[in-house]
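Numbering (the working numbering), first residue to last: 236 to 378.
Ideal placement from N, C-alpha and C gives every residue a C-beta, glycine not left out.
Comments concern the structure below.
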């Protein structure tokens, strides 16, 4: 971008100052038609070419702006999604930390072995219930 800016500034200065971009004074005894054909038209053609080139560049830049704006919008949506997700995870972490602290209190009060024993009994009970449900489903499916 900075290179393009420098080139653009140089071109602007050239359009203002260089003789090739200035309409020359007509020569002595030069008719208007001759002046138009030999001097004015060539300058007008060069100016048309510059305008065409600038128009094309402008269109390319507008396309780039559109693409980048779309990309920015998508990134903003993604950031918002990930921020919401991180906040949800933070709440889960807070809840788990509170439960860990509660478990620590139980271990302090009842003793670690007793609490561990209760947890193991609870897990075994859950496994037995799952197995019973599975066997009931299998039994119902085979009927």
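Whole-angstrom distance between residue j and residue i, CA atom to CA atom
i           : j           : result
residue 271 : residue 261 : 9 Å
residue 340 : residue 334 : 10 Å
residue 369 : residue 350 : 29 Å
residue 238 : residue 288 : 17 Å
residue 309 : residue 318 : 14 Å
residue 300 : residue 311 : 16 Å
residue 245 : residue 252 : 10 Å
residue 274 : residue 283 : 15 Å
residue 313 : residue 337 : 36 Å
Top-ranked residue by Cα proximity to residue i, from the options
i           : options            : result
residue 258 : 268, 251, 278      : 278
residue 254 : 352, 241, 315, 281 : 281
For residue j and residue i, believed in contact at Cβ under 8 Å, the rounded distance
i           : j           : result
residue 256 : residue 249 : 6 Å
Span of the alpha helix (DSSP H) around residue i
i           : result
residue 312 : 276–345
residue 267 : 267–270
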